[in-house]
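Numbering (our numbering), first residue to last: 633 to 824.
Don't be surprised by glycine CBs; every beta carbon is placed ideally from N, CA and C.
Note that the coordinates shown come from a computational prediction; the quantities given were computed from them, not determined experimentally.
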Amino acid sequence: MSHPTWSTACLDWKRRIRDRRSLIPFSPLFPASAEAKMAVFTSLRIVDLPGQPTFGEASDEWLLDFAAAVFGAFDPETNRQLINEYMLLISKKNTKSTLAAGIMLTELACGFRAYDENLILAPTKEVAANSFGPAMGMIDADEELSDLLKHQEHLKLITHREMKSTLKVVAADSATVAGKKASRVLVDELWL
């Protein structure tokens, strides 16, 4: 089987910024993977915004392109994520932690591996709460998600009821991170 040919280089980045276009240089490698997960992601409610819009309603094109690139790099034939590292560098107060929650919650809800571990790693307890709170709110605002996922606020843990896979939000210290074998790790606020 041959994989798609692609590059993450964005050689025309200056023009794209001037034209207010997305900096994601390619369409998702596996469109079906992206479409399935984007259907979930774009329906998630951002509960801390007025009117509780969905990601689909409130997001700029670049954010949706970023999420589609993450979701669309999963090869369903080999069950491998072909692009393993992503970096999103944006200024403060642009829903980074909420975006982290939405991406990882989507991965958990759409996951196929039983007992899979997913992790959002934050530098402090306060930043961890910035991701867990929105994730918990997204679940509470959606009846289907509430039936599928269970959250435990005191543990900052979300469990897929059928697959028994989990999403845990932790602050980065050796006591909480040691021994983790997560298949997906999203580092929030890497610069701190």
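Residue environment, residue i, which counts as buried when at least 16 other CB atoms sit within 10 Å
{"i": "L799", "result": "buried"}
{"i": "F703", "result": "buried"}
{"i": "R650", "result": "exposed"}
{"i": "T727", "result": "buried"}
{"i": "L781", "result": "buried"}
{"i": "I722", "result": "exposed"}
{"i": "H786", "result": "exposed"}
{"i": "L777", "result": "buried"}
{"i": "E740", "result": "For clarity, residue 740 is Leu in the given sequence; the question names Glu instead. Buried."}
{"i": "F744", "result": "exposed"}
{"i": "T710", "result": "exposed"}
{"i": "K669", "result": "buried"}
Minimum Cβ-Cβ distance from residue i to chain C less than 8 Å
{"i": "P766", "result": "Absent from the structure: chain C. Only one protein chain is present."}
DSSP-derived helix/strand/coil call for residue i
{"i": "V679", "result": "coil"}
{"i": "A804", "result": "coil"}
{"i": "N711", "result": "coil"}
{"i": "K788", "result": "coil"}
{"i": "K796", "result": "coil"}
{"i": "L643", "result": "coil"}
{"i": "T686", "result": "strand"}
{"i": "F658", "result": "coil"}
{"i": "R653", "result": "coil"}
{"i": "L753", "result": "strand"}
{"i": "F744", "result": "coil"}
{"i": "K782", "result": "strand"}
{"i": "L720", "result": "coil"}
Short Cβ contact (8 Å threshold) for residue i with residue j
{"i": "L655", "j": "L714", "result": "no"}
{"i": "L789", "j": "L731", "result": "no"}
{"i": "P766", "j": "A803", "result": "no"}
{"i": "L818", "j": "M736", "result": "yes"}
{"i": "V672", "j": "C742", "result": "yes"}
{"i": "I752", "j": "D820", "result": "yes"}
{"i": "P657", "j": "T640", "result": "yes"}
{"i": "P708", "j": "S665", "result": "yes"}
{"i": "F698", "j": "L720", "result": "yes"}
{"i": "D774", "j": "R677", "result": "yes"}
{"i": "A746", "j": "S797", "result": "yes"}
Presumed contact (8 Å Cβ cut-off) between residue i and residue j, rounded CB distance
{"i": "A733", "j": "M770", "result": "7 Å"}
{"i": "G688", "j": "T674", "result": "3 Å"}
{"i": "N762", "j": "R816", "result": "Rounded, the Cβ-Cβ distance is 19 Å, inconsistent with contact."}
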